[in-house]
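Enquirer: Pasting a structure here, questions to come.
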Amino acid sequence: MSTRRVLYALGGTVAVLLVGAILHPGFASWSSLRVMLVVASFTGFVAAGQMLVVLVGGIDLSIPWVLNGAAIVLTTSSLGQTSRAPLAIVLALGVGALVGLGNGLGVAWLGVPAVVMTLGMNGVMQGLTLGLSKGLTCASCGSYAPEPLRGLFDGALPAQLFLWAGVGLFMTVLLTLTTFGRRVYAVGVNPRAAFLSGVGVRGVTVALYTLSGVFAALAGIALVAYGGQPSLGLGDPYLFESIAAVVVGGVSILGGRGHYLGVIAGSLTLVAVTTFLQAQRVPEYGRLMIYGLVILAILFAYGREKAHD
Amino acid sequence: MREALRRVSIGYLVLAATAVAYLVVYTSRLGRFPTSFDYLSILNTTLPLVFVAIGQSLVVLTGGIDLSVGGMVSVCVAVTATTVSSSVFWLVVVLALGTACGALNGLIVAYGRIAPILTTLATLSIFTGLALRVMPVPGGSIPQEVRLVLTNPATPTGLIWLGLAVVGWLVLRRTRFGMRVYAIGSDEASARAVGVPAAAVKLKVYALSGLCSALAAVFYVSTTTSGDANAGNPFILTSIASVVVGGVAFAGGRGSALGAVAGAVALTLVIDILFFSGIDPLYQSLFQGLFLVVAVLLGTVAALAARRRRQA
Amino acid sequence: MTETSSMAPAQQESGSQTLAVRASGVDRAFGGVQALRDASFAARPGEIHALAGENGAGKSTLIKVLCGLIKADRGTVEIFGTEVSRVVEPAARRRMGVATAFQELSLLPDLTVAENLLLENPPRGRLGLVKRRGLGPAAEEILGRYGVDDIDPRATAADLSVAQRQVVELVRVLAGEPRVVILDEPTAALADRQVEWLAGHMRQLRDAGSCVIFTSHRWREIEALADRVTVFRNGTHVATRDTLSEAEAVTLMSGRSFAGAYPELTTVPQRESALRVKGLHSGRLHGVDLDLRRGEILGVGGLAGQGQRDLFLTLFGAQKARQGTITLDGKAVAIRSTKDAIRAGIAYVPEDRKAEGLFLPLSIRDNIAAATLSRRNTAGFVRRGAERTAVGSIVDQLSIGKGRSTNRAVDTLSGGNQQKVVMARWLLTDARILLLFDVTRGVDAATKHDIYELVGKLAAQGRAILYYSSETEEIAHLCHRVLVLREGRVAAELAGPVGDAERIVAASIKENHDA
Amino acid sequence: GDAATPAASGKKAGKIKIALSNSFIGNQWRVEMENVYKAACAMPPYVDQVECSVFNAGNDVSTQSRQISNLISQGVDAIVINAASTSGLNGVVQQACDRGIVVVSFDNIVDNKCGLTVNTDQIKFGQQLAQFIVDELNGQGNVIMVTGVAGTGADNDRNKGAKDVFAANPGIKVVSTYTGMWDSATAQRATSAQLPNLPEIHGVWVSGGTDGVIKAFVAAKRPMPVVGGEAENGFRKFMAGLLTPKVNGMSIGQPPFLSVISLELARAVVKGEHPKESITIPFPVATSDNMVPGETVFPDLPDSFFADFTDSGPNATVILCQEAATDGTPCPGKTLDVNLGTP
Ligand SMILES: Nc1ncnc2c1ncn2[C@@H]1O[C@H](COP(=O)(O)OP(=O)(O)OP(=O)(O)O)[C@@H](O)[C@H]1O
Ligand SMILES: Nc1ncnc2c1ncn2[C@@H]1O[C@H](COP(=O)(O)OP(=O)(O)OP(=O)(O)O)[C@@H](O)[C@H]1O
Ligand SMILES: [Mg+2]
Ligand SMILES: [Mg+2]
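Protein chains in written order, with my numbering: chain A, 905 to 1213; chain B, 118 to 429; chain C, 5 to 519; chain D, 3 to 345.
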C-alpha cells in the first residue's frame, strides 16, 4: 500500500523532470540534476525529521528556528577552526536534540497538541537565538564553517549527496528493519492498541521529536557548510517545504504510512518544479500559483484519502 | 456539552487573565488606567484576527485546518484596496470572492478527499500568487465613509461588528448546520452514517472560513486604509494560535468560535503586555511562544481535572 | 408465507406484494477482498428478518449497501420498489424511512446523548432555531418512551459504557419510527435483560408494519425473534427460510456440519495461586479480592458496567489503581504500565479489536509480533527469520487466514480471523496469565467454538485465565469458578461449571433489582 | 474616557521621548539598524536630550500597530518606524499625527503623508547598479537579475530601475530573473539550481543576497561575472579580494544608519530645529577599486553583516564605529554628528 505510494512519488519526480527536459533542454542533464539534488538535500534532511513526527500523526513547526539556532551554534562554537569542528557539530546536533526532546516531552507527557507545542517552541527558539546571540550570527567573528564541512559540496559527486544517501539508509533501516521502526508504525496506526501491546508510546513519540530536532540541526549544519556562514531567517523556507516534501513523498498525514524513499523523491520534485519555473522565467505570482497547482495535482494523483465507503 | 462548556471557558479564563495582566502592567507603567483610545485601538486592530479566528475555528471544529486563510486574506485585501474606492459595491464582490476561495478548499477537501492541511497548503500558494497578481506593490485605499462605518477610530463602531459576529455564531450554533459541524468533527464516519451530509457541510464550513477571511480583509483594509499582497501571512499562525488558546480541540468536535474570539483578543493583549512590561525586544518571541504553550497546557490540565472529578 | 426456497429472493418474490427492501446482483469488493458477490436479499414490510452468516460472510457490507453508506460495484437496490442504487447517501435513505444501527456504533463521542438522539431533528424554537435548552427534556422524553432511565441525556457519549452506547444507538434508530429498521448485531454488547427490551420494541415495530432486519451470531435470538431467516456465505445468498434449525443453519453458514456449543470442562485447576488481588480500588472498583490459580478459568460475571473493565485494565497496567495489592506467584508486584504487565507474564485481549487490538493497515505478521518485539531484538534490529518462524507457527496453530501469506494487511481479514490475530499476539508472549475480555463478541459460531477450545487448551497448559463475556451463558459453561461483580465488589462466588446462566444473573441482581 | 489626549499628558519638560518601532528583527540588517540606533541614543547629544526605546513586531502589521498605539498612549514625542507594510500602518500613523506626535519612517516607509520619511531612492538603486554592469560590459552581454521579496515597494522599484536601464541597452540580454528573497542562503540555492541551465553569464544584478549568488558561481566553477549588488560584507570581501576570486563589482546598500538619521530628524523636528520635511539621502556606494578594510569591508565580521552601517568620506551623513553596529554600544568619546543636509 505505502510502497505503491513510494513508486508514485518516484513517478512524479520522473514526470516533472521529463516535462522539464522537454520544455527546457538540458534541464535534466546530470550537471543540472546534481545541483538540484544538492539543493533538495537540505529539504530532504528537514523532511526526514518532519516525516518521523508525521508518521505518528504529529507535526513539527519548530524546524525553522531549531535549524537556525543550530547553524549559529556551529559557527560560534567552531570559530572556523578545523580542530573544533567535531565538538561544534556535536553541540549543534545536541541543541537540535534538546529542543526536539522538549517538543517530545510536551507532546507526549503534557499532552499539548503538537501544533501548539512546536509552534510555541519555534517562538522560544527564535527569542533565545536572537537574544543570546544579540542578533549576530557569529558574535564578532568573521569565521566560516570549518574547512572539512565546506568540502561537503566540492567535486563532481559532492560528499553532501553521500551524506543524504546515508540519511536515506539510516531512515530506511530504522523504519523497516528495527524494532523501533515497528513500534513507530504501530503507534502511528493505532496508539491505543500500541499501548495495550506494551509499546512505550510516549517514549517512541519523544524519540521521534528528538530525531526531528536532530535532523533540523543537521540541515542547519549543511546549510552553514554550503553558504559558509549562517544568516538569520535561514530556516524560514523549510517549514512548509518540509511538510510539502513529506506528503508529495506519499507519507500519509494521518500517520502510520510512508517511507523515506518517497520523501527523497518528494524533495527532489519540489526543487525541480521551482527550478523549472524559475528557468522558464515565470513571474513570482505565476510561480506561486503553479507550485500550488502542481502540489494539488500530485495530491489528486496519489494523496487522496480512502473513500468513506 | 458541559464538557465543551468547560473547555471553552478555558479560552475565557485566559482572556480574563491576560486582561488583568494588561491592566496591571499598563497602570503600573503609565500611572493611569487605559483610556478609550486604548480600548478602541485594541478593538479595531483585533477585528481582522477575530474574523479569521472564527473561520479557522469552524474548520478546526470539523477536525480540519485551514492554512490558506493567509492567502485568502491577502487576495481579498488586494482586491478591496484596489477596487472599493471606486465603488462600495465591490465590497460584495470581495465577500463573494473570499467565499469562492473557501468553497474551492471545501470542494477539494470534501469531494476530492485530500487532507485539509495539504489542500490548504497548496491553495495558500495559489491564493498568495493571485494576490501578488492583483497587487504587485502595496498601496490602494478605502473610502473614508467605509472606514468610519467599519472601524471608526473615534467611536466603537467595531463593537457592533464584533457583536454581529458573536450573534452570527450563536445563531449558527443553534441551527442544524451548527450541530452537524460538531458531529463531523466528533467522528466523521459516524456522522455520515447517521445521515449527516458530511461533504456538503464541510463545503459550507470552508466557504464560511473564506467568507470570514474576506470580512477580515475588509476590516484590515479599513483599519490600515490600504493594502498589501502579503497582508494575510501573519494570520495563518495567529489564527491557529487563537483557536488553540480559545480551547477548541484540534481533533475537532469540541470548543466554540467564541473561545477563538477570546483567544484572538488574548493574543492581542499579550502584545500589549510585553510592550508595557519592557521586555527586551530580542526576547519577545520567546515569551509569545511560552504564552501559547502555557495557555494550552492550562486548558489541558483543567480538562483533565474536570474528567477526574466526573469519574470520581 | 409458508413456502421455503433456496432460490434467490429477488426472483422468488418478484411480482408478489411490494417488498420493503430488495437487493439483487450486488457485488462489492474492498481492495482485493470480494465482500459481496452477486448477492441478493429481500425483506417484506411487517416482518422481522434475520440475516445470518459467519464472520466475513458479508452481512455488514450488505447492510451498508442497503442503507446507502457504501456503493455497490454492481447490482441494484430498491426501497419500497424505488430504485436507489445511484444515490449513495445515508441521509437520502433516511428520508425514505430507512434507519440503521451499525455494528461499529455510530454515536458521536463528543456530543451529548441528547444531541446524538436529536441531531437530525432537534426541537426548534422561534425562527426555526434549535432550542438548546429543549434538547435535554426532549431527549429525556424519548428515552423515557423506551423505558430507559439510567442514561443522562446530558452526558457526553464518550463517557457511556459500551452497553449504554448501544442502547442509545438503538433508541436513536427506533425513535424515528422508521419503515425499515436495520440492526447490525444489536445485541452483541447487551445484557440479557436489555436483549429482552430490544426484542419487545422490534416486535412492536413489526406489528406496526415496519420491516425489521437484524443480524446476530446468537442462534437463540434468531430463533426467538425472526419471522424469516436469510443465510449468507462468502458474500452470497444461500437460503431464505421461515423456519430453520440451528444445525441446519450452521451447515448452511459454514458449509460443514457442526455440533455441540460448549466444550466440556475437562481440566482441573492446580493448587498454586498465579495471581492474587487484595482490596483493589480503581475506577469503579471498590475493594476487589480474588485468587486466580494456575490452570484455572475464572469467570467474571455481573451486569454490564460493574467494574469488570476496570479490573482487567488495572491488572494489565493500563489503568492506575488507587489502592490494593497484586501478588504474582506469591510475590508482590507493582504493575505501573502495560510493559510491566507483559514482562510479568500477563496478557490482555480486548473486546474492541478495531480500537484496542489491531493495526489494521499493517500486516498480519506485524500485528502478531507487536507485543513481543523485544524478544527478537538483536542490537535494535528485528530478527526477521525468528519472527517469521514464530508468527508462522502460531498462525498455523490457530489456522488464521487459511494459510495465505502473513504479509497481508489485517484489514483484509474477516472479523473472526482478526480476533484470532489478537489472540495470537498474546499467545506468542507465553503469558502465564491471560485476561480475556469479551473476546467472543461479534464472533461467529464456528470461530467461537475454536476460541472455547483454545481457552480450554490454554488452561490445560497451566495458564491462568480471567474470563469476562457479555454472554453470561459462556461464563456459565466455560469457567471453573465465577466471581459476580456488583457495584465494584465481589458479590458472589459460584463454583463452576455453573451451567445455568440464570444463576449468575440472579446473583448479579440480588438485593437490588433495578441496579 | 480621559479628556486629556495621551500625548499632552505624557509630555515632560526634560528629555524628549523617541521610540523606534521596528517591524521585525529576523535579519542581520534589522539587527544592525537597531544596534546603531541604540548606540546613537547612548552618545551625546542624544544621551542627554532623548529618552529612547525600541520595539519589535514580528513582521506582523497588527502587532506593530498595537505597539504604535501603545506608544501613543505612553505619550511619546516622536516615533521612528520601519514598517511591516508600507500601507498597513496608515491608520494608526494618522492617529499619531492627529495627536501631534512626530512620525518618521525609513527603509520600509509608511505611505501616510502626515508622517515624515527618511529614505533612499530605490529606483535609483536599481538603475545605478544596472548602469555599472552595462558600462563594465560595454553594453554587451548576458545578465541575470536576482530580485527580492515580491509584493514589496522596494523590490518593485529596484527591479523597475534596473529593467529600464537594461532595456535601454539592446546589447544586454537578461537571460534569467528569479527571486533570492533578499536572503543569501535562498539566493545561493536558487542561483546554483539555475546555473546549469544558463549560458555564460557576464553580469549579475542582485537586489539582495549577493554573497550567496557569488558563492553559487564559485561552487559551479563558472567564470565570475561583473556583479552589482547590495552591501553584504561577504560580497565586499569578494570585491576586496579577501575571498577568492576577486570580484569586479559595485555595492550599494540600504544603509542601516537610516535609523540614526531618522532619530536625528525626529529630534530636530520636535525641538523645532528642522522644518517638517522628509529627506532622501544618497546611497553609500562602493566599488572594487575603493575597498578599505575597516571602513567599507570588515574581514572580522560575518558575511551576512551589512558593511554600510557607517557612511564615509568628507560629505558623510554620519560616521559610526564598528561596536555601534555589532553591539549597540556607543563609539568611544564622541559626539555624534548627523548631517541632515541643508533643508
Ligand atoms: N472497509 C473494509 N476494508 C476492507 N475489507 C473489508 C472492509 N469491510 C469489510 N471488509 C471485508 O469484507 C468481508 C465481509 O465483511 P463484513 O463486515 O460484511 O462481514 P460480516 O458478515 O458483517 O462479518 P461479522 O459477522 O464479523 O460482522 C470480510 O472479509 C471483511 O474483512
Ligand atoms: N445537549 C444538551 N443537552 C442537554 N442540555 C443542554 C445541551 N446543550 C445545552 N444544554 C443546556 O442548555 C443551556 C444553554 O446552552 P448553551 O446555548 O449555552 O450551549 P453551549 O454549548 O454553551 O453553546 P456554545 O457552544 O455556542 O457556547 C445550558 O444551560 C445547558 O445546560
Ligand atoms: Mg456557550
Ligand atoms: Mg458485521
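A virtual CB, placed ideally from N, CA and C, is assigned to each residue, including glycine.
#1: Looking at the secondary structure, which residues open and close the alpha helix (DSSP H) in which N365/D lies?
#2: If you run the structure through DSSP and keep just helix, strand and coil, what is A366/B?
#3: With 16 other CB atoms within 10 Å as the buried threshold, where does I1157/A fall?
#4: Counting only beta-carbon atoms, is S110/C nearer than 9 Å to chain B?
#5: Anything in chain A within Cβ reach of D305/D, meaning under 7 Å, just list it in chain order.
#6: Within 9 Å of any Cβ in chain D, is that where the Cβ of M189/B sits?
#7: If you follow the alpha helix (DSSP H) that K335/C is part of, which residue opens it and which one closes it?
#8: I want to verify the contact list: residues of chain B whose CB lies under 8 Å from the CB of Q1184/A, in sequence order.
#9: What does DSSP give as the partner residues of T329/C in its beta bridges?
#10: What's the call for T986/A, buried or exposed, on a 16-neighbour Cβ count within 10 Å?
#11: Note down, in chain order, all residues in the region 25-50 of chain D with a beta-carbon under 7 Å from any beta-carbon belonging to chain A.
#12: Answer with buried or exposed for L1061/A, where buried requires no fewer than 16 other C-beta atoms within 10 angstroms of its C-beta.
#13: So what's C333/D in DSSP terms, helix, strand or just coil?
#14: Going by the DSSP bridge assignment, what does K175/D pair with across the sheet?
#15: For a test of your reading of the model: does the CB of N1/D fall under 8 Å from any non-hydrogen atom of ligand 1? Yes or no.
#16: On the three-state DSSP scale, how would you describe Q324/D?
#17: Going along the chain, which residues put their C-beta within less than 6 Å of some heavy atom in ligand 1?
#18: Do L384/B and S402/B count as a contact pair if the criterion is CB distance below 9 Å?
#19: DSSP on Q38/C, reduced to helix/strand/coil?
#20: Among D153/C, D77/C and G213/C, which residue has its Cα nearest to the Cα of V184/C?
#21: Here's the rule: buried if 16 or more other CB atoms are within 10 angstroms of the residue's CB, otherwise exposed. What is R264/B?
#22: On a Cα-Cα basis, can you pick out the residue from E268/C, T433/C and R369/C that is closest to T410/C?
#23: For S107/D, which beta-bridge partners are listed by DSSP?
#24: Excluding five sequence neighbours on each side, which residues of the same chain lie with their C-beta closer than 6 Å to the C-beta of F1119/A?
#25: Measuring only the C-alpha atoms, how far is G343/D from G153/D?
#26: Quick check on the burial criterion: 16 or more other C-beta atoms within 10 angstroms. Buried or exposed for Q130/D?
#27: Does the distance from the C-beta atom of I254/D to that of E234/D stay below 9 Å?
#28: I want to know whether the region 120-137 of chain D touches the region 162-179 of chain D - three or more CB-CB distances under 8 Å.
#29: Are the Cβ atoms of R1096/A and E360/C separated by less than 9 Å?
#30: Using a Cβ-Cβ cutoff of 7 Å, what residues of the region 1052-1081 of chain A are near chain C? List them in chain order.
#31: Would you check if there are 3 or more beta carbon pairs closer than 8 Å linking the region 65-81 of chain D to the region 151-166 of chain B?
#32: Quick check on the burial criterion: 16 or more other C-beta atoms within 10 angstroms. Buried or exposed for K40/D?
#33: Does DSSP put S89/D in a helix, in a strand, or in coil?
#34: Taking buried to mean at least 16 other C-beta atoms within 10 Å of its own C-beta, is G363/B buried or exposed?
#35: Whole angstroms is fine: what's the gap from L1053/A's alpha carbon to A1123/A's?
#36: At which residues does the alpha helix (DSSP H) containing W207/D begin and terminate?
Expert: In this structure, then:
#1: Nothing can be reported for residue 365/D, as the shown portion of chain D is limited to 3 through 345.
#2: Position 249 of the second sequence, counted from the start, is the residue given in the question as residue 366/B. The answer is coil: DSSP assigns A366/B none of H, G, I, E or B.
#3: As a position in the first sequence, residue 1157/A is number 253, starting the count at 1. Per the 10 Å Cβ criterion, buried.
#4: For this step, residue 110/C is matched to residue 106 along the third sequence. It does: the Cβ of S110/C has a partner Cβ on chain B nearer than 9 Å.
#5: Within the fourth sequence, numbered from 1, the residue matching residue 305/D stands at position 303. Going along chain A in sequence order, the residues near D305/D (Cβ under 7 Å) are G1132 and Q1133.
#6: Looking up residue 189/B in the second sequence gives position 72. No, its Cβ sits nowhere closer than 9 Å to a Cβ of chain D.
#7: Residue 335/C sits at position 331 when you count from the first residue of the third sequence. K335/C -> not in any alpha helix (DSSP H); beta strand (DSSP E) instead, spanning K335 to V337.
#8: Your numbering for residue 1184/A matches position 280 in the first sequence. Here the premise fails: no neighbours, minimum Cβ distance about 15 Å.
#9: Position 325 of the third sequence holds residue 329/C. Bridge partners of T329/C: K282/C.
#10: Here residue 986/A refers to the residue found at position 82 when the first sequence is read from its first residue. Looking at its Cβ environment, which holds fewer than 16 other Cβ atoms inside 10 Å, T986/A is exposed.
#11: Close to chain A, meaning a Cβ-Cβ distance shorter than 7 Å, are the following residues of the region 25-50 of chain D: I27, G28, N29, Q30 and V33.
#12: Counting from one through the first sequence, the residue named residue 1061/A turns up at place 157. With fewer than 16 other Cβ atoms within 10 Å, it is exposed.
#13: As a working mapping, residue 333/D is identified with position 331 in the fourth sequence. Coil, per DSSP.
#14: As a first step, residue 175/D must be located in the fourth sequence, where it is residue number 173. Its beta-bridge partners are N144/D.
#15: Any answer about residue 1/D is impossible in this case: the structure gives chain D only from 3 up to 345.
#16: Numbered from its first residue, the fourth sequence carries residue 324/D at position 322. Helix at Q324/D.
#17: F34/C, G35/C, V37/C, A39/C, G57/C, N59/C, G60/C, A61/C, G62/C, K63/C, S64/C, T65/C, Q107/C, D415/C, T416/C, L417/C, S418/C, G419/C, G446/C and D448/C
#18: By 1-based counting over the second sequence, the position of residue 402/B is 285. By 1-based counting over the second sequence, the position of residue 384/B is 267. Contact flag unset, no.
#19: For the purposes of this step, residue 38/C is identified with residue 34 of the third sequence, where counting begins at 1. Collapsing the DSSP output to three states places Q38/C in a strand.
#20: Here residue 184/C refers to the residue found at position 180 when the third sequence is read from its first residue. It is G213/C.
#21: Along the second sequence, read from residue 1 onward, the residue named residue 264/B stands at position 147. R264/B comes out buried.
#22: For the purposes of this step, residue 410/C is identified with residue 406 of the third sequence, where counting begins at 1. T410/C has its Cα closest to that of R369/C, out of E268/C, T433/C and R369/C.
#23: Position 105 of the fourth sequence, counting from 1, holds the residue named residue 107/D. DSSP, once it has assigned bridges, lists I83/D and T119/D as partnering S107/D.
#24: Numbered from 1 along the first sequence, position 215 holds the residue referred to as residue 1119/A. The residues are F949, A952 and G953.
#25: Taking the fourth sequence and counting its residues from 1, one reaches residue 343/D at position 341. Taking the fourth sequence and counting its residues from 1, one reaches residue 153/D at position 151. Going from the Cα of G343/D to the Cα of G153/D covers about 32 Å.
#26: Translated into positions along the fourth sequence, residue 130/D becomes position 128. Q130/D counts as buried, since at least 16 other C-beta atoms from the protein chains shown sit within 10 angstroms of its C-beta.
#27: Position 252 of the fourth sequence holds residue 254/D. Position 232 of the fourth sequence holds residue 234/D. No, they are not a contact pair.
#28: yes
#29: Position 192 of the first sequence holds residue 1096/A. Position 356 of the third sequence holds residue 360/C. A contact, by the Cβ cut-off of 9 Å.
#30: Residues passing the 7 Å Cβ filter: L1081.
#31: yes
#32: Within the fourth sequence, numbered from 1, the residue matching residue 40/D stands at position 38. Flag for K40/D reads buried.
#33: In the fourth sequence, the residue the question calls residue 89/D occupies position 87. In the structure shown, S89/D sits in coil (DSSP, three-state: anything other than H, G, I, E or B).
#34: As a first step, residue 363/B must be located in the second sequence, where it is residue number 246. Per the 10 Å Cβ criterion, buried.
#35: The residue labelled residue 1053/A in the question sits at position 149 within the first sequence. The residue labelled residue 1123/A in the question sits at position 219 within the first sequence. Looking at the two C-alpha atoms, the distance is approximately 12 Å.
#36: For the purposes of this step, residue 207/D is identified with residue 205 of the fourth sequence, where counting begins at 1. No alpha helix (DSSP H) holds W207/D; the beta strand (DSSP E) holding it covers G205 to V208.
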